[in-house]
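Chain order of the listed sequences is A and B.
Mind the numbering: the first sequence is residues 1 to 553 in our numbering, read in order.
Mind the numbering: the second sequence is residues 1001 to 1266 in our numbering, read in order.
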Amino acid sequence: MNSVEVKEQVRLPLSKCLELVLSGIKFRLFRAGITVTIIALAVAFLMVMLSESLVAREVAGAIERKAAPRKLLASWVSLLSTPMNEAQLTGDLAAITGPQDGRYVEFKAWGNIRDDATMAQLQDTARKQLRYTTEFFDQLKEGPRRRLVGPNQGPAIFAYLADAASYADFSEKLKTTERHLPGTTAEFEQFLADWKQASPQRQAIIKGHEQALGPVKQGLGTVRPSDKLAYPDKAFLDLLAQNRFQMTEQALADVKREAAQKLDEEQIRNTLSVPLAKQRLAERKNLAHTETDFQVLFDEVSTTDGARWMAEMTASADFVNAAAAQGISRVQFGLTTLPPCPLKPKSESFSKDNAGAAAFKKATADYTAKLPAYNIAMAPLIDAQAKRIHEVAQNFLSNQNLAKVEQEVAQSASSGGVGFSGRTLWLIIVSFLVCVVGIANAMLMSVTERFREIATMKCLGATDGFIMVNFIMESVMQGVAGSVIGAMVGLILGVLRAWVSYGMMTWTNFPLTQMLEAMGAGMIVGVVVSALAAVYPSYVAARLAPMEAMRIE
Amino acid sequence: MSEQPSNATQPMAPVPAPTDGKRPVIIRTRGLKKIYQMGDVQTHALQGIDIELYRGEFICVMGPSGSGKSTFFNMVGGLDSPSSGRVFIDEVDVAQLSAVELAFLRCRKIGYIFQTYNLVLYMTALENITVPMAFAGTTGDEARDRGMALLDMVGLKDRWAHKPVEMSGGQQQRTAIARSMANQPSILLCDEPTGNLDLKTGAEIHKILLNLNKERGVTIICATHDHRLIDMADRILWIRDGKVDRIADRKDITVERGSIGGEEHE
């Protein structure tokens, strides 16, 4: 008996395979189009979500960076006005980045803490406290919390739990509570012990700060801390340093800028409390008197013309006198020292007799004589004033915009990680599942229609494997086409959506490399899905018996 | 089995006369049985067939529907495996072959001609013919040349670029015959080759098949009802109820062909 000498059934060269597959697809273009559309839709959906959330993440980061100086100013203002409480201290301790952080040095100095190890311990305990507070105690509703720790809230809870008897009571009641402490009970108990031990040091820091605050407050006098921080003089900075307050160069620059912005914004607002200004604004904008408000004012002075108008108006003697009549001191913007404005004499201030009338007449002439000199002196300074007004108004508007965008970002579908909420991820997975089913269905129909063609191929020498590869390749090609189209369409749509929500910020912080990576990932997913969907139908095709070619329907 | 010459236009040497009086056998079956299992029902399609088909002969297989004729056809054509018994195609036990080896067999040793032509609709005639060549490893210019030569053999040289849709039934069947000869097989399996064709076109097909058999020594196994094809055969095999009913040489059979009003009729 002979044996068949099979030199390996010659593998069809890839080009020939591709040729066969492509001509097959061309023949069935409409059916192929359906598969391509299905994949394109699913990939586009994925890409829209991905690209929008990528932009959202970048924008959120940018907003946070921009908002940081403002937060810094707020924390300094509170530091310089009131003594700290336990909660603040915990927050600050937890937020310290490292030994070079200003707060680190301050706390160490105020608390008279000798070594870095103790500081590290304090920080660690503070972080744990924060964690237990946010992840457990804050999550409790009023009722359960009262049951567990009585009327205590915030850091007082831990003070309460530091006592052994209270803690025993607490842990008993904890067993019957549905929420659980994060981590183990042993960890919590260790933390409480550390907390108790660190308590005196924390008190020392608070006391130290209070002591340091005294001289600083004296130095401030009646000036508000934020106002002083806007244009601090050397004496004040020295005073801060003496009392162990730490401010890095960068921090100082940021705080000064923010404080100056705050101060000048307030100045701009103050002008509207003078009725004359309101009237002038209404005239300028052709609005009713009642329609003029801060928004209108800021919008107006954010233009160079408007800023100039305001600078001139606030410099004019009429305005200064009107403001003085209301008890508002000189409105100025920035640190320009303005020349004193002559005050218009009021007839009421003079006696009603002849001497008074003559004095009034003299005072009026005096005033009129001084006015030109004042205007001349004022002229070159108006430019600087206008510039500053303009700058402040623009910053104000851009911060307004930032707040709006921040709201949009908070509302968007992103949360954590790449930026998919659970629901969005679920939707995407379902859409791809539907894809798989749809494509598998279309392919099965195709296989059923082509049974004779497949069987004939087998008669001509095609192996089962060849048939399977053929069909999978068909599906993969359609998947590639669909993925490419879908990825591009999805990317464009997603970016457009982001543009509508976040405005120009989309473009200033465009995450280009990440977008391209996302596109690549989306395409890979599309191709993989289409290949997976083809597995069962091509298996069916591969198993077709060659004698099926003989069957006559 | 000797290798075929690669030049397809040269006729093969005629089959050498047997020296010991025994003709060379190309297909042999021993106790061939096939049982189909459909749910609970077992169908005994073939119930033990012992037969020898000689190399270079033209044999027609006949039988009523349900007689197991198609099953027998599938067996000797390497399209299906027996449930029990043996099928030797060129002394090779088909049942021992793996799927890949069977595919090789179908590619190189057996050519197939179907009643429904079974051409690939989105390929031209020449491309259709070169498909089995690609499976056998011949591509490019060599394949194209051989393909054109084959088309010439069936008289379709100028239709090489036409798709099946642009050809008549007879032309399609001729293309199919050319395709079946692509790798110079020694066996040609024909399932009602003229079943879908009119008389005149059928005659052309008959001529080609006869030529293949006589000039090139290809063994032709035909399942047909066409009396003119039967007329050309060397032997005729009747299968009934899964067994060989009768097998006879052509010269022992009378085939009557009728005519109606002068026109030839089957």
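Cβ atoms here follow ideal geometry from the backbone N, Cα and C, with glycine treated the same way.
Who are the near neighbours of Gln129(A) in its chain, counting only those whose CB is closer than 6 Å to its CB and skipping five residues on each side? Within the first sequence, residue 129(A) is the residue found at index 129, counting from 1. Counting only Cβ-Cβ distances below 6 Å, and skipping sequence neighbours, we find Thr90.
Ser1098(B) burial status per 10 Å Cβ neighbour count (16 or more: buried): Here residue 1098(B) corresponds to residue number 98 of the second sequence, with the count starting at 1. Ser1098(B) should be labelled exposed.
What would DSSP say about Gly490(A), mapped onto helix, strand or coil? To locate residue 490(A), count along the first sequence from 1; it is residue 490. Correct three-state label for Gly490(A): helix.
DSSP state of Trp1238(B) mapped onto helix, strand, coil: Working through the second sequence from its first residue, we reach residue 1238(B) at position 238. Looking at Trp1238(B) - three-state DSSP - the assignment turns out to be strand.
Pair every Cβ in the segment 489-498 of chain A with every Cβ in the segment 442-452 of chain A, then say whether three or more of these pairs are closer than 8 Å. These segments do not touch.
Chain A residues whose Cβ lies nearer than 7 Å to that of Ser1070(B): Here the question's residue 1070(B) lines up with position 70 in the second sequence. Met550, listed in chain order.
Over the uninterrupted alpha helix (DSSP H) stretch that includes Leu982(B), give me the two end residues. The structure shown does not extend to residue 982(B), since chain B spans only 1001 to 1266, so no value can be given for it.
I need the boundaries of the alpha helix (DSSP H) containing Ser199(A), first residue and last residue. As a first step, residue 199(A) is located in the first sequence; it is residue number 199 there, counting from the start. If you look at Ser199(A), you'll find it in the alpha helix (DSSP H) that goes Thr185 to Leu220.
So is Asp1080(B) in contact with chain A if we call contact Cβ pairs under 8 Å? As a first step, residue 1080(B) is located in the second sequence; it is residue number 80 there, counting from the start. With its beta carbon less than 8 Å from one in chain A, Asp1080(B) belongs to the interface.
Can you tell which of Leu148(A), Arg103(A) and Trp110(A) has the C-alpha that lies nearest to the C-alpha of Thr176(A)? Counted from its first residue, the first sequence places residue 176(A) at position 176. The option with the nearest alpha carbon to Thr176(A) is Leu148(A).
Going by the beta-carbon positions, is the gap between Pro345(A) and Phe333(A) smaller than 8 Å? The count along the first sequence starts at 1 and reaches residue 345(A) at position 345. The count along the first sequence starts at 1 and reaches residue 333(A) at position 333. Not in contact: Pro345(A) and Phe333(A) (Cβ atoms no closer than 8 Å).
What does His1044(B) pair with, by DSSP beta-bridge criteria? For the purposes of this step, residue 1044(B) is taken as residue 44 along the second sequence, with counting starting at 1. Per DSSP, Ile1035(B).
Cβ separation of Leu55(A) and Pro511(A), assumed to be a contact under 8 Å, to the nearest whole Å: For the purposes of this step, residue 55(A) is taken as the residue at position 55 of the first sequence. For the purposes of this step, residue 511(A) is taken as the residue at position 511 of the first sequence. The sequence shown places Val at residue 55(A), not Leu. Their Cβ separation, rounded to whole angstroms, is 7 Å, which keeps Val55(A) and Pro511(A) in contact under 8 Å.
Are three or more beta carbon pairs between the segment 273-281 of chain A and the segment 234-253 of chain A nearer than 8 Å? No: the two stretches stay apart, fewer than three of their Cβ pairs being nearer than 8 Å.
As assigned by DSSP and simplified to three states, the class of Tyr262(A): Taking the first sequence and counting its residues from 1, one reaches residue 262(A) at position 262. Inspection of the sequence shows that residue 262(A) is occupied by Lys rather than by Tyr. Looking at Lys262(A) - three-state DSSP - the assignment turns out to be helix.
So, does the CB of Gly416(A) fall closer than 8 Å to a CB anywhere in chain B? Residue numbering aside, residue 416(A) sits at position 416 when the first sequence is read from its first letter. For Gly416(A), the predicted model reports a pLDDT of 43, less than 50, meaning its position is unreliable and no value from the coordinates is stated.
Along the chain, where does the beta strand (DSSP E) containing Ile1220(B) start, and where does it finish? Here residue 1220(B) refers to the residue found at position 220 when the second sequence is read from its first residue. In this chain, the beta strand (DSSP E) harbouring Ile1220(B) covers Thr1219 to Ala1223.
Alpha-carbon to alpha-carbon, Leu281(A) and Thr134(A): As a position in the first sequence, residue 134(A) is number 134, starting the count at 1. As a position in the first sequence, residue 281(A) is number 281, starting the count at 1. Here the alpha carbon of Thr134(A) sits roughly 49 Å from the alpha carbon of Leu281(A).
Would you call the segment 27-42 of chain A and the segment 429-441 of chain A touching, i.e. three or more CB-CB distances under 8 Å? Inter-segment contact for the segment 27-42 of chain A and the segment 429-441 of chain A is present: three or more beta-carbon pairs are separated by less than 8 Å.
Run the CB neighbour count on Val48(A), radius 10 Å, all protein chains shown included, and call it buried at 16 or more, exposed below. Along the first sequence, one-based indexing puts residue 48(A) at 48. By the neighbour-count definition (other C-beta atoms within 10 Å, threshold 16), Val48(A) is a buried residue.
Have a look at the DSSP bridge pairing and note the partners of Asp1093(B). On the second sequence, residue 1093(B) is found 93 positions in, with the first residue counted as 1. BP columns for Asp1093(B) point to Phe1088(B).
Is Val1244(B) near Ile1035(B), with beta carbons less than 8 Å apart? In the second sequence, the residue the question calls residue 1244(B) occupies position 244. In the second sequence, the residue the question calls residue 1035(B) occupies position 35. Between Val1244(B) and Ile1035(B), the C-beta gap is not smaller than 8 Å, which leaves the two residues out of contact.
Examine the Cβ distances between the segment 293-311 of chain A and the segment 385-400 of chain A and report whether three or more of them are shorter than 8 Å. Yes, since at least three Cβ pairs between the segment 293-311 of chain A and the segment 385-400 of chain A fall closer than 8 Å, the two stretches touch.
Excluding sequence positions up to five away, which residues of its chain have a Cβ less than 7 Å from the Cβ of Arg269(A)? Start at 1 with the first residue of the first sequence, and residue 269(A) comes out as number 269. Hits under 7 Å: Phe294.
Terminal residues of the alpha helix (DSSP H) in which Met1075(B) lies: Locating residue 1075(B) in the second sequence gives position 75, counting from the first residue. First-last of the alpha helix (DSSP H) with Met1075(B): Lys1069 to Val1076.
What span of residues does the alpha helix (DSSP H) with Arg224(A) cover, start to end? Within the first sequence, residue 224(A) is the residue found at index 224, counting from 1. Per DSSP, Arg224(A) belongs to no alpha helix (DSSP H) and is neither H nor E.
If you measure between the beta carbons of Val1087(B) and Thr1130(B), is that distance less than 8 Å? Position 87 of the second sequence, counted from the first residue, corresponds to residue 1087(B). Position 130 of the second sequence, counted from the first residue, corresponds to residue 1130(B). Using a Cβ distance threshold of 8 Å, Val1087(B) and Thr1130(B) do not count as a contacting pair.
Return no unless some Cβ of chain B is closer than 8 Å to the Cβ of Ser23(A). What you label residue 23(A) is simply residue 23 of the first sequence in a count that begins at 1. Yes, because at least one Cβ of chain B sits closer than 8 Å to the Cβ of Ser23(A).
Based on the DSSP output, what are the partners of Lys1243(B) in its beta bridges? Walking along the second sequence from the start, residue 1243(B) turns up at place 243. Among the bridge pairs identified by DSSP, Lys1243(B) is matched with Arg1240(B).
Of all the CB atoms in chain A, is at least one closer than 8 Å to the CB of Val1061(B)? One-based indexing of the second sequence puts residue 1061(B) at position 61. It does not; no Cβ of chain A falls within 8 Å.
Which chain B residues sit within Cβ distance under 9 Å of Arg452(A)? Here residue 452(A) corresponds to residue number 452 of the first sequence, with the count starting at 1. Ordered by position in chain B, the residues that pass the 9 Å Cβ test against Arg452(A) are Phe1114, Thr1116 and Asn1118.
Could you please tell me which residues of the segment 414-448 of chain A, in chain order, have their CB closer than 8 Å to any CB of chain B? Residues of the segment 414-448 of chain A whose Cβ lies closer than 8 Å to any Cβ of chain B: none.
Let me check understanding here. Comparing Cα to Cα, which of Ser349(A), Pro339(A) and Phe107(A) lies closest to Met378(A)? In the first sequence, residue 378(A) corresponds to position 378, counting from 1. Nearest of Ser349(A), Pro339(A) and Phe107(A) to Met378(A), Cα basis: Pro339(A).
Would you kindly report the start and end of the unbroken alpha helix (DSSP H) that includes Ile555(A)? The question about residue 555(A) has no answer, for chain A in this structure spans 1 to 553.
Please state whether the Cβ-Cβ distance between Tyr1122(B) and Ala1176(B) is less than 8 Å. Position 122 of the second sequence holds residue 1122(B). Position 176 of the second sequence holds residue 1176(B). It is not a contact, given that the beta carbons lie outside the stated cut-off.
The segment 71-84 of chain A contacting the segment 511-523 of chain A, beta-carbon criterion three pairs below 8 Å: The answer is no - the segment 511-523 of chain A does not touch the segment 71-84 of chain A, with fewer than three Cβ pairs under 8 Å.
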